[in-house]
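Under my numbering, the first residue of the sequence shown carries the number 584, and numbering increases by one thereafter. Backbone N, C-alpha and C fix where the C-beta goes; we use that ideal spot for every residue, glycine too.
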Amino acid sequence: TTEDFQHRYAQRAGIEGTLAQGIKAFGLRRCRYIGLTKTHLQHIITACAMNIVRLVNWWLGVPFAATRCSRFAALAPTG
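Pasting the structure below:
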């Protein structure tokens with residue numbers, strides 16, 4: 584693992600959660616409209632809605648979801 588790979592993977596890992604939230608909570612996988620302009624507008628509005636939800640959660644002190652741990656990783660000794 585080179586430093587270049589680690590840097591690129593860190594960027595990818597940062598966006599994966601955002602994409603997953605958009606798909607699961609906001610239906611980003613399907614577009615309601617036909618046409619590139621309307622599709623782009625829907626994505627912009629969805630991004631604004633995601634930012635508002637994140638801002639409200641931060642304001643209310645809602646904690647982030649716990650990071651899942653694989654069963655294999657759970658077997659590793661801690662400490």
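- Task: Work out the CA separation of Met-633 and Lys-607 for me, nearest whole Å.
- Result: 11 angstroms
- Message: For a minimum of 4 consecutive residues, which ranges assigned as the alpha helix (DSSP H) are wholly contained in the segment 593 to 644?
- Response: 619 to 643
- By Cβ distance, which residues of its chain are closer than 7 angstroms to Asn-640, with the 5 residues on each side in sequence left out? none
- Message: Which residue marks the beginning of the alpha helix (DSSP H) containing Ala-657, and which one marks its end?
- Response: 654 to 657
- Where does Phe-588 fall in DSSP's three states? helix
- Would you report the Cα separation of Arg-613 and Thr-661, rounded to the nearest angstrom? 42 angstroms
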